[in-house]
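Residues 1361 to 1604 (the working numbering) make up the sequence shown, in order. The next block holds one structure in the form of structure tokens; read it before the comments.
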Amino acid sequence: MIPAYPSVFLLLIIFNIAHATEQEIKIAAFLEPPFVNYVDKHWHGENIEMAKLLASKLNLTPKFIQCPFARCLALVKTGQADMVMGLKKSTKRAQYLTFIEPPYLLQHKPLRFFTLASKSVKIEKFEDLDQLLVGVLRGGVYYEQFDKSNAIKKVSVTSRDQLVKMLLKGRIDTFLEREETISPLLSREEYQQKITLAQYQYNKTVASYIAISKKSKINHLAQHISKALTLAIQLGELKQNRAK
């Protein structure tokens, strides 16, 4: 009987060759301070550092592709990009994406509804949204009650910056996001004097995932990425990245 060792050795060789030839990983990156930002031709943020960390563990070189949120989803759907970060898992997205377990971040900060101080729009309960024009990020997933509502008049835009500009110009009544993502897009004066936060908010933990395109050449490495991510979490490496 031929021993199994040569087969194992052959698998190791194939795996190492795959690592050697798959030198680049294309990452679709939408701007979402403080997680992803692009300043002076340099990428910054927690998700950027995390992507670099995981890529180094797999001997891959990350290449970031800046794109609006909906465009990023389109790129990974078609396989033009290998990876995208900061996604909420959904059944629809799982049709074309492999979600890497575990989630790398559990966001405890609530989704807030931003309004114009000059308009005095009151949102005290979910039903108050039915009378308003609500800005949303094209392709975005927020929470089930909001996403499935047909009564709310939703206005889709391509970026969070656009949401802010449309609100300031009075073209929408409100939009929903986390404060930490929106505050960097406004001056302190604008944020304090022109923006108010509605009483109603969505305050449940949301899991953020890394996702790999099912059409990507690295999709077969999903389990290895999962193991690398799990180890990075256990060793506290992601916390160290956030501390930077």
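In this text, a Cβ means the ideal position worked out from N, Cα and C, and glycines have one as well.
Asked: Are the beta-carbon atoms belonging to residue 1495 and residue 1526 less than 8 Å from one another?; Found: yes
Asked: With 16 other CB atoms within 10 Å as the buried threshold, where does residue 1510 fall?; Found: exposed
Asked: For residue 1474, which option in 1557, 1578, 1393 and 1574 has the closest C-alpha, if you only look at C-alpha atoms?; Found: 1557
Asked: Less than 8 Å between C-beta atoms, sequence neighbours within five positions excluded: which residues of the same chain meet that for residue 1519?; Found: 1390, 1391, 1428, 1429 and 1497
Asked: Under a Cβ-count criterion, where at least 16 other Cβ atoms within 10 Å of its own Cβ denotes burial, should residue 1576 be classed as buried or exposed?; Found: buried
Asked: For residue 1457, tell me which candidate among 1569, 1418 and 1564 has the shortest Cα-Cα distance.; Found: 1569
Asked: From residue 1417 to residue 1565, what distance separates their C-alpha atoms?; Found: 29 Å
Asked: Does the beta-carbon distance from residue 1598 to residue 1503 come in below 8 Å?; Found: no
Asked: Is the Cβ-Cβ distance between residue 1485 and residue 1560 less than 8 Å?; Found: yes
Asked: Can you name, in chain order, every residue of its own chain whose Cβ lies under 7 Å from the Cβ of residue 1412, other than the five neighbours on each side?; Found: 1422
Asked: Output the boundary residues of the alpha helix (DSSP H) element that contains residue 1429.; Found: 1429-1438
Asked: In whole angstroms, what separates the C-alpha of residue 1539 from that of residue 1588?; Found: 30 Å
Asked: Give the secondary structure of residue 1538 by DSSP, where H, G and I count as helix, E and B as strand, and everything else as coil.; Found: coil
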